[in-house]
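Right, one structure below, let's go through it.
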Amino acid sequence: MSESSTKQLLCVLCAKLHNPADFCPVHPDEPLLDPDDDDVRFELMALDDKAKSRFYMWCGGVGAALGFVLGIVAYYLVKSQSPVVAEALRMEIVFGGLAALLALGLVVAKLRYRPKFTEWTRDDHSI
Ligand SMILES: [Zn+2]
110 MSESSTKQLL CVLCAKLHNP ADFCPVHPDE PLLDPDDDDV RFELMALDDK
160 AKSRFYMWCG GVGAALGFVL GIVAYYLVKS QSPVVAEALR MEIVFGGLAA
210 LLALGLVVAK LRYRPKFTEW TRDDHSI
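When the sequence shown is numbered by the working numbering, its final residue is 236 and no position is left out of the sequence of numbers.
Listed below in structure tokens is the structure:
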């Protein structure tokens, strides 16, 4: 195992490899981890999962909040044209807007999310 002395280790905060003798220049307090270690890979997957749920929650939450505002604006627009229709469909209009932009937020999250540690956690890594 002569390669182990030159193998680079990973800083989980910036997802970059560094020489084991050095510290991460940006995060000198963060211990460097061996990305070939199964425990470390498991931890990296867990970190990516957590980041993914946080990102989805954030995008969905922003979408829902914007959709709620949009739904209320749409309700008052409809009300200015037809108060009877606006009253009958009040919930549908407001929550329709909320649901539509919540869904849009989740689509954006799906398109934009990139796992940070995929270079080390994907299954073909060891081949
Ligand atoms: Zn770092």
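By construction, the Cβ of each residue, glycine as well, lies at the ideal position given by its N, Cα and C atoms. None of these values were measured; they are calculated from a predicted model.
Which residue or residues does DSSP assign as beta-bridge partners of residue i?
| i | result |
| --- | --- |
| tyrosine 119 | Per the sequence shown, residue 119 should be read as leucine rather than tyrosine. Answer is Leu126 and Leu142. |
Excluding sequence positions up to five away, which residues of its chain have a Cβ less than 7 Å from the Cβ of residue i?
| i | result |
| --- | --- |
| alanine 124 | Lys225 and Phe226 |
| valine 171 | Gly214 |
My guess is that residue i and residue j are in contact by the Cβ rule of under 8 Å, so how many angstroms apart are they, rounded?
| i | j | result |
| --- | --- | --- |
| tyrosine 184 | arginine 163 | About 31 Å; that fails the 8 Å criterion. |
| leucine 142 | leucine 119 | 5 Å |
Looking only at its chain, what residues have a beta carbon closer than 6 Å to the beta carbon of residue i, apart from the 5 residues adjacent to it on each side?
| i | result |
| --- | --- |
| glycine 169 | Leu211, Gly214 and Leu215 |
| arginine 223 | none |
| glutamate 228 | none |
Drop a sphere of 10 angstroms on the beta-carbon of residue i, count the other beta-carbons inside from all chains shown, and report buried for 16 or more, exposed for fewer.
| i | result |
| --- | --- |
| leucine 122 | exposed |
| valine 203 | buried |
| proline 144 | buried |
| aspartate 157 | buried |
| arginine 231 | exposed |
| leucine 186 | exposed |
Does the CB of residue i have a neighbour CB from chain D at under 8 Å?
| i | result |
| --- | --- |
| aspartate 148 | Although the question refers to chain D, the structure presented lacks it and comprises just one protein chain. |
Ordered along the chain, which non-local residues of its own chain (more than five positions away) have a Cβ less than 8 Å from that of residue i?
| i | result |
| --- | --- |
| valine 217 | Cys168 and Gly172 |
| lysine 161 | Tyr222 and Pro224 |
I'd like to check one pair, residue j with residue i: are the Cβ atoms closer than 8 Å?
| i | j | result |
| --- | --- | --- |
| phenylalanine 177 | leucine 207 | yes |
| proline 137 | lysine 116 | no |
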